[in-house]
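Visitor: Attaching a single structure in structure tokens format; questions to follow.
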Amino acid sequence: MGHGIDRERLRRADLAAPVHGVRAPIDSVEFIDAVALVMRPDQFFSHTTAAAIWGAPLPQSVRSVGPVHVSTARDGCRMRRPGVAAHRLDRPRTVEHRGFPVSVPAQMWFECAGVLERDALVAIGDHLVGASGLATADDLRASIRPGTRFALAARRALDLVRAGAESPQETWLRLAVVEAGFPEPELNVNVHDGAGRFLGRVDMAWEEFGIALEYDGDHHRERDTFRHDQRRDNGFVANDWLVIHATASDAHRPAVLFERLRQAFEVRAVRSRRPSA
């Protein structure tokens with residue numbers, strides 16, 4: 035066949051034909067482009083597809099599988115195309131972003147309450163109210179439609195959304211340590227020494243205990259970043275801070291991380307119980 039693609043490849047389940055003559059991976063930009071060509075004026079991208087267009091973080095399982103979510107306003111006919119999950123929404127709020135009609139960020143977040151687990155929904159919320167500036171917590175709250183099927187799930191997730199998280203990994207880490215029974219940490223804390231000199235910024239901290247928790251992504255292994263982290267941590271240690279580092283592997287084996295944290299809090303508890311000289 036043309037373009038070096040054989041018939042067997044075109045029959046693979048990860049490909050779909052949203053329009054005649056086009057077969058593309060469901061999770062690809064090409065597939066979304068093709069669907070956009072056949073959308074009516076009352077249709078728009080929604081749910082996790084809108085989240086991807088807005089640049090919000092999504093679980094790998096969602097990014098790599100699809101489907102593409104297309105919603106229709108009010109009583110319009112739903113789109114029926116291979117690889118498309120069709121919805122009908124009453125009084126939707128939409129805007130054009132990156133050339134596509136999409137749900138506004140706050141509405142997109144509420145739509146995702148129906149298709150994502152809690153932690154993934156919290157991660158999107160953290161992204162929207164954080165550095166992206168795409169929505170506020172009040173916007174998210176106003177997007178929840180009382181009495182609808184996923185209103186309770188959205189409210190529970192909103193209670194956990196924080197403006198300071200800067201990555202979905204930081205969101206996971208914060209939720210994990212709180213669920214393990216530790217106090218909720220402050221996010222992205224600037225640490226100073228006793229003379230007021232800036233020592234560094236940490237992902238999470240319990241300032242009253244002098245404990246910092248850092249999530250080290252792959253970029254922390256780069257030479258310059260590693261050296262910067264070493265210098266900063268040395269300054270923390272010299273000023274009686276305990277610094278604990280978490281990595282992606284801790285998501286699969288969090289017990290080791292939790293034990294390190296438990297030991298850190300125990301060290302601080304023992305110190306606080308010592309009689310003053």
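Per our numbering, residue 35 is the first one in the sequence shown, and the count goes up by one each step. From the three backbone atoms N, C-alpha and C, an ideal C-beta is built for every residue, glycine too.
R152: beta carbon under 7 Å from a heavy atom of the ligand FAD?
Guide: Annotation note on the ligand FAD: not contained in the displayed structure, which lists no ligands.
Visitor: Short of 8 Å in beta carbon distance, which residues of its chain neighbour L155, apart from the five on each side in sequence? Order them along the chain.
Guide: As a first step, residue 155 must be located in the sequence shown, where it is residue number 121. Excluding sequence neighbours, L155 sits near W143, C146, A147, A187, A188, A191.
Visitor: When you compare each of D160, A303, G133, E300 to A140 by their alpha carbons, which one comes out closest?
Guide: Within the sequence shown, numbered from 1, the residue matching residue 140 stands at position 106. Closest by alpha carbon: D160.
Visitor: Is F270 closer than 8 Å to G228 when the C-beta atoms are compared?
Guide: For the purposes of this step, residue 228 is taken as residue 194 along the sequence shown, with counting starting at 1. For the purposes of this step, residue 270 is taken as residue 236 along the sequence shown, with counting starting at 1. Contact flag unset, no.
Visitor: Closer than 6 Å by C-beta to D237: which residues in its own chain qualify, once you throw out the five before and the five after it? Chain order, please.
Guide: Within the sequence shown, residue 237 is the residue found at index 203, counting from 1. Within the same chain, D237 has close Cβ partners E204, E248, Y249.
Visitor: For V223, collect the residues of the same chain with a Cβ closer than 6 Å to its Cβ; drop the 5 residues on either side in sequence, then sort them by chain order.
Guide: Position 189 of the sequence shown, counted from the first residue, corresponds to residue 223. These residues qualify, in order along the chain: V236, A239.
Visitor: Expressed to the nearest angstrom, what Euclidean distance is found between the alpha-carbon atoms of W206 and D153?
Guide: To locate residue 206, count along the sequence shown from 1; it is residue 172. To locate residue 153, count along the sequence shown from 1; it is residue 119. Distance from the CA of W206 to the CA of D153, rounded to the nearest whole angstrom, comes to 7 Å.
Visitor: Below 8 Å on the Cβ atoms is my guess for R208 versus A197; work out the distance and round it to an integer in Å.
Guide: Stepping through the sequence shown from its first residue, residue 208 is reached at position 174. Stepping through the sequence shown from its first residue, residue 197 is reached at position 163. About 12 Å separates the two Cβ atoms, so there is no contact after all.
Visitor: Find the nearest neighbour of E293 within the set G251, R305, R231, F216, judged by alpha-carbon distance.
Guide: Residue numbering aside, residue 293 sits at position 259 when the sequence shown is read from its first letter. With distances taken between Cα atoms, E293 lies closest to F216.
Visitor: With a cut-off of 8 Å, does the C-beta of L123 fall near any C-beta of chain D?
Guide: Of the chains in the structure shown, none is chain D; there is only one protein chain.
Visitor: I think I312 touches A298, with their Cβ atoms under 8 Å apart; what is that distance to the nearest whole Å?
Guide: Not covered by the structure: residue 312. The range shown for the chain is 35 to 311.
Visitor: May I have the straight-line CA-CA distance separating F314 from F79, to the nearest angstrom?
Guide: Because the chain spans 35 through 311 in this model, residue 314 falls outside it and cannot be assessed.
Visitor: Should the region 118 to 128 be called in touch with the region 162 to 172, which here means at least 3 C-beta pairs below 8 Å?
Guide: No: fewer than three Cβ pairs fall under 8 Å.
Visitor: Given that a residue counts as buried once 16 or more other Cβ atoms are within 10 Å of its Cβ, and exposed if not, what is G55?
Guide: If you number the sequence shown from 1, residue 55 lands on position 21. Its pLDDT being 47, under 50, G55 is placed unreliably by the model, and the measurement read from it follows with that caveat. Counting Cβ neighbours within 10 Å, G55 comes out exposed, since fewer than 16 surround it.
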